[in-house]
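Just so we're aligned: the sequence shown equals residues 284 to 535 in this note's numbering. C-beta atoms are modelled at their ideal positions from N, C-alpha and C, and glycine is treated no differently.
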Amino acid sequence: MMNATYIRIDLARQFRDLGNIIFVMTMPVIMYLIFGATVAGGNDPAGHANVKFYVMASMAAYGAALAATTMTGTAAVEQMQGWGRQMGLTPVSNRSVVAMKVFVALVVTACAIVLIYLVGYVTGARAEHWGIWAATAAITLGGSALYAIFGYMVALRFKSESALGVATGILVLMSFVGNVFMPLTGAMLTFGKFTPMYGYVGLVRWPQLEGVLVQEGGGSDPLWALLLNYGVWLVILTVLAVTSVRRGRSRQ
Numbered sequence: 284m285m286n287a288t289y290i291r292i293d294l295a296r297q298f299r300d301l302g303n304i305i306f307v308m309t310m311p312v313i314m315y316l317i318f319g320a321t322v323a324g325g326n327d328p329a330g331h332a333n334v335k336f337y338v339m340a341s342m343a344a345y346g347a348a349l350a351a352t353t354m355t356g357t358a359a360v361e362q363m364q365g366w367g368r369q370m371g372l373t374p375v376s377n378r379s380v381v382a383m384k385v386f387v388a389l390v391v392t393a394c395a396i397v398l399i400y401l402v403g404y405v406t407g408a409r410a411e412h413w414g415i416w417a418a419t420a421a422i423t424l425g426g427s428a429l430y431a432i433f434g435y436m437v438a439l440r441f442k443s444e445s446a447l448g449v450a451t452g453i454l455v456l457m458s459f460v461g462n463v464f465m466p467l468t469g470a471m472l473t474f475g476k477f478t479p480m481y482g483y484v485g486l487v488r489w490p491q492l493e494g495v496l497v498q499e500g501g502g503s504d505p506l507w508a509l510l511l512n513y514g515v516w517l518v519i520l521t522v523l524a525v526t527s528v529r530r531g532r533s534r535q
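See the structure below:
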């Protein structure tokens, strides 16, 4: 069960950290403006939307994952300050602690998604109907829970100030091999299909492309394969996060 007081305090603390907030809000917007808003052929059709929408959705997925990872990654500082020991004195379960961290991260992530979608619309990102916008945004937000769990797990494993840098660095690497930044082909594409970002960004793009890959000769991904990828990684990271919470409490 989630605690409203804890969530309120944690949200206030996150929004007071202007450095992190500015970073997670502006990074995906800047990347979209560089690679999407000014790209040649940005108004060309791509599935049920245009190329600008494709790039916007991809950068929103990366931005949502970055925001979620960054927000929960700050848990490393909390651990060093003894917050894990304080939580250990309460009746809140390990799963509830993880759930509250994920919820707080999703609130901040929602703000980041709204910002990049507004910028995308102003600069010419278009879809056949508003349902595609809504579905893509909902999948982006809901799917980013995986990276809130990921950031929290890494923070608890490293329990140092370097944890956030490690988590975001791994996320960038996963995004490159996960077909987020550029269309992959050949062996890289085959390998990428087993990485965490691939299933997530494939689901984000589904309302627009319905699994079709934009790279020449790339083929398509069935919905079940993308859901399986996401589901497997969600289970793996959730188990790691919960066991990390339990280990942190026992040691403190």
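Over what stretch of residues does the alpha helix (DSSP H) that includes residue i continue unbroken?
i      : result
Gly434 : Ala428 to Phe441
Phe474 : Gly469 to Gly475
Ser341 : Val334 to Gly356
Gln491 : Pro479 to Leu492
Which term fits residue i, buried or exposed, when burial requires 16 or more other beta carbons within 10 angstroms of its beta carbon?
i      : result
Met465 : exposed
Thr451 : buried
Trp507 : exposed
Phe336 : buried
Pro328 : exposed
Does residue i come out as helix, strand or coil in the three-state DSSP assignment?
i      : result
Asn303 : helix
Ala450 : helix
Ala417 : helix
Pro328 : strand
Ser503 : strand
Ala408 : coil
Val515 : helix
Val497 : coil
How long is the line joining the alpha carbons of residue i and residue j, rounded to whole angstroms?
i      : j      : result
Thr517 : Met342 : It is Leu, not Thr, that sits at residue 517 in the sequence shown. Leu517 and Met342: Cα-Cα distance of roughly 21 Å.
Gly414 : Gly502 : 25 Å
Ile313 : Glu493 : 27 Å
Ala318 : Pro311 : The sequence as given places Phe at residue 318; Ala does not occur at that position. Cα-Cα distance, rounded: 10 Å.
Val437 : Asn512 : 20 Å
Take residue i as the anchor and find which of the options has the nearest alpha-carbon.
i      : options                           : result
Ala524 : Ala431, Gly448, Ile305 and Ala410 : Ala431
Gly403 : Gly325, Gly482, Leu496 and Gly485 : Gly325
Leu294 : Thr392, Leu349 and Gly330         : Thr392
Val487 : Leu472, Ala470, Gly461 and Pro328 : Gly461
Ile304 : Ala421, Thr353 and Leu429         : Thr353
Thr521 : Val455, Gln498 and Val385         : Val385
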